[in-house]
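S.K.: Structure provided below as structure tokens; questions to follow.
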Amino acid sequence: MFGLRRARQAAAALAVTAAAATTLLASPAASAAPQPVVGGTATTTTAYPFMMQITDASGNQFCGGTLVAASKVVTAAHCVVGATPRGVRVIGGQTYLNGTDGTVGRVSGIWVNPDYTDATNGDDVAVLTLSAPMPYTPAPYVASSQTAVYAAGTTARVLGWGTTRENGSPSNQLRTAAVPIVSDSSCRTSYGSDFVQSDMVCAGYTSGGVDTCQGDSGGPLLIGGVLAGITSWGEGCAEAGHPGVYTRLAAFSDLVTAQVDS
Ligand code: ARG
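Taking mature numbering (1 follows the signal peptide of the UniProt record, and there is no 0), I'd label the letters of the sequence shown as residues -32 to -1, 1 to 230.
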């Protein structure tokens, strides 16, 4: 199982330079059960103005990101590791992948957590610096002291353009869903030593059915409207007993702030 998950992470990273991101993001090991990602609902960037598409230079979306300051975007390390600023764009204010109404931002800097190796080892956080400010309202993000937000059972919100089922196709329209935070002990039962409690938090229903999926990585997990997690990894999507795994942002809040202030 570990190998399969690693393969998926590698695919997401490769998509940085791939035109056919959808093909690469599909998991060959996934089950065929038709479980809607996010089992959630369609929404808009008007409702979530900080929600950014991360694309390659040709505009192919491969990850999500969250605007946390006018020219700073939080995403996952596995989304942009190995990428160059000129190979990446950030698109704000564009509800539809095929839309033309948004703001395309160029990237002047990519900070990847220097401790990052693989999503299943934790440290899955990166900050992009934009060449020009985005005309959208940023999201607040958790402070390092706000560890209590991750209490099991708390409702969190996830967002993205990722596949709407395991092995499925991306969603042209931004989608969102609500998922409960899973206890660390339960997530440990699901994932064993791949779950790094200090760096990760899990969310999803015991019975599955609602989750982020391929292409949602890098996007936000919001708790009470505050950015508290980053979509990172999971075994398949929306499978019973395998919740989504998110970067526990409070653990990296000070590192992010150092980048936001730089
Ligand atoms: N690694 C995926 C990506 O690059 C995100 C997977 C999230 N999986 C899950 N079951 N929640 O888009």
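All C-beta atoms in this analysis are idealised placements derived from N, C-alpha and C, irrespective of residue type, glycine included.
Excluding the five sequence neighbours on either side, which residues of its own chain have a C-beta within less than 8 Å of the C-beta of SER76, listed in chain order?
M.R.: Here residue 76 refers to the residue found at position 108 of the sequence shown. In the same chain as SER76, and ignoring 5 residues on each side of it, the C-beta atoms closer than 8 Å to its own belong to PRO53, THR97, LEU98, SER99, in chain order.
S.K.: Between MET168, VAL56, GLY204, which lies nearest to SER26 when the distance is taken from Cα to Cα?
M.R.: Sequence index remark: in the sequence shown, residue 26 carries index 58 (1-based). For SER26, the nearest C-alpha among the options comes from VAL56.
S.K.: Among SER185, SER154, ALA119, whose alpha-carbon lies nearest the alpha-carbon of GLY130?
M.R.: By 1-based counting over the sequence shown, the position of residue 130 is 162. Per the Cα distances, SER185.
S.K.: Give the range of the alpha helix (DSSP H) segment to which CYS47 is assigned.
M.R.: One-based indexing of the sequence shown puts residue 47 at position 79. Segment 45 to 48, the alpha helix (DSSP H) holding CYS47.
S.K.: Hey, could you find the ends of the beta strand (DSSP E) ARG74 is sitting in?
M.R.: Here the question's residue 74 lines up with position 106 in the sequence shown. For ARG74, the enclosing beta strand (DSSP E) has its first and last residue at 71 to 80.
S.K.: Let me know if ASP86 comes out buried or exposed under the rule of 16 or more other beta-carbons within 10 Å of its beta-carbon.
M.R.: For the purposes of this step, residue 86 is identified with residue 118 of the sequence shown, where counting begins at 1. Buried, by the Cβ-count rule.
S.K.: Do you know offhand how far PRO103's Cα is from GLY176's?
M.R.: As a first step, residue 103 must be located in the sequence shown, where it is residue number 135. As a first step, residue 176 must be located in the sequence shown, where it is residue number 208. Answer to the nearest angstrom: the Cα atoms are 37 Å apart.
S.K.: Could you spell out the range, first to last residue, of the alpha helix (DSSP H) harbouring GLN227?
M.R.: Here residue 227 refers to the residue found at position 259 of the sequence shown. Counting along the chain, GLN227 sits inside the alpha helix (DSSP H) bounded by residues 221 to 228.
S.K.: Assign SER(-6) to one of three DSSP states: helix, strand, or coil.
M.R.: Within the sequence shown, the letter at position 27 stands for residue -6. Residue confidence is low: SER(-6) scores 37 on pLDDT, short of 50, so the model does not pin down where it sits. Its coordinate-derived value is still stated next. Of the three classes helix, strand and coil, the one that applies to SER(-6) here is coil, per DSSP.
S.K.: Return the residue from the list ARG133, LEU190, VAL36 that minimises the CA-CA distance to GLY60.
M.R.: The sequence position of residue 60 within the sequence shown is 92, counting from 1. GLY60 has its Cα closest to that of VAL36, out of ARG133, LEU190, VAL36.
S.K.: Please report how far the alpha carbon of GLY204 lies from the alpha carbon of THR180, in whole angstroms.
M.R.: If you number the sequence shown from 1, residue 204 lands on position 236. If you number the sequence shown from 1, residue 180 lands on position 212. Straight-line Cα distance between these residues: approximately 10 Å.
S.K.: Indicate the three-state DSSP secondary structure (helix, strand or coil) for SER113 in the structure shown.
M.R.: Your numbering for residue 113 matches position 145 in the sequence shown. In this structure, SER113 counts as coil in the three-state DSSP scheme.
S.K.: Identify every run of the alpha helix (DSSP H) within the region 156 to 207, keeping only runs that are complete inside it and at least 4 residues long; order them along the chain.
M.R.: none
S.K.: Do the CB positions of GLY193 and VAL169 come within less than 8 Å of each other?
M.R.: Locating residue 193 in the sequence shown gives position 225, counting from the first residue. Locating residue 169 in the sequence shown gives position 201, counting from the first residue. No, Cβ-Cβ distance for GLY193 and VAL169 is not below 8 Å.
S.K.: Here's the rule: buried if 16 or more other CB atoms are within 10 angstroms of the residue's CB, otherwise exposed. What is ASN28?
M.R.: Position 60 of the sequence shown, counted from the start, is the residue given in the question as residue 28. Classification of ASN28: buried, given that the 10 Å Cβ count is 16 or more.
S.K.: Given 7 Å as the limit, tell me if THR174 has its C-beta closer than that to any heavy atom belonging to ligand 1.
M.R.: Start at 1 with the first residue of the sequence shown, and residue 174 comes out as number 206. Not so, every heavy atom of ligand 1 lies at least 7 Å from the Cβ.
S.K.: What does PRO101 pair with, by DSSP beta-bridge criteria?
M.R.: Position 133 of the sequence shown, counted from the first residue, corresponds to residue 101. DSSP lists no partner for PRO101.
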